[in-house]
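Here is the structure we will look at, set down as structure tokens.
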């Protein structure tokens, strides 16, 4: 019943997989834009496409969404990342992670080395500030998977 949303979620998984492998900063940025946009598109497609001709699914999605809004703190990954990053990227073209080479000093050994520009890209704001953006995107993918399964369980 949530077929279109799941197709988009699968594309999110693929974009995330490519992000994990990408070393070029410009390509990484474009993959990030794709991934963060697709993460938000899951919900839009769920309601606007999957529910279009299915009133039973529409009712289940509306019940689910009302519950999500009532318990925002339990769904911070959506409100603090999925929605916020998509809005930042698409409405302001602000990318929510730091990138570039990072100098690392190994304590005790006195050794210093430089991480590649996409080896660690921490989020630059919000509830997930300091966490690698790929880890946060993966949490959002897992969250959507759980949510779509929950919606399917609400159906008769």
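Numbering (our numbering), first residue to last: 4 to 159.
Just so you know, even glycine gets a beta-carbon here, dropped at the ideal spot from N, CA and C.
| query | result |
| --- | --- |
| Neighbour-count burial assignment, residue 53, 16 or more Cβ in a 10 Å radius | buried |
| Alpha-carbon spacing of residue 59 relative to residue 158, whole angstroms | 7 Å |
| Cα-Cα separation, residue 19 to residue 84 | 15 Å |
| Pick from 21, 14, 10 and 40 that is closest to residue 96, judged by C-alpha positions | 40 |
| Alpha carbon of residue 82 to alpha carbon of residue 25, nearest angstrom | 27 Å |
| Residue 153 in three-state terms, based on DSSP | helix |
| Coarse secondary structure for residue 142, derived from DSSP in three states | helix |
| Same chain only: Cβ atoms within 6 Å of residue 130, ignoring 5 sequence neighbours per side | 79 and 83 |
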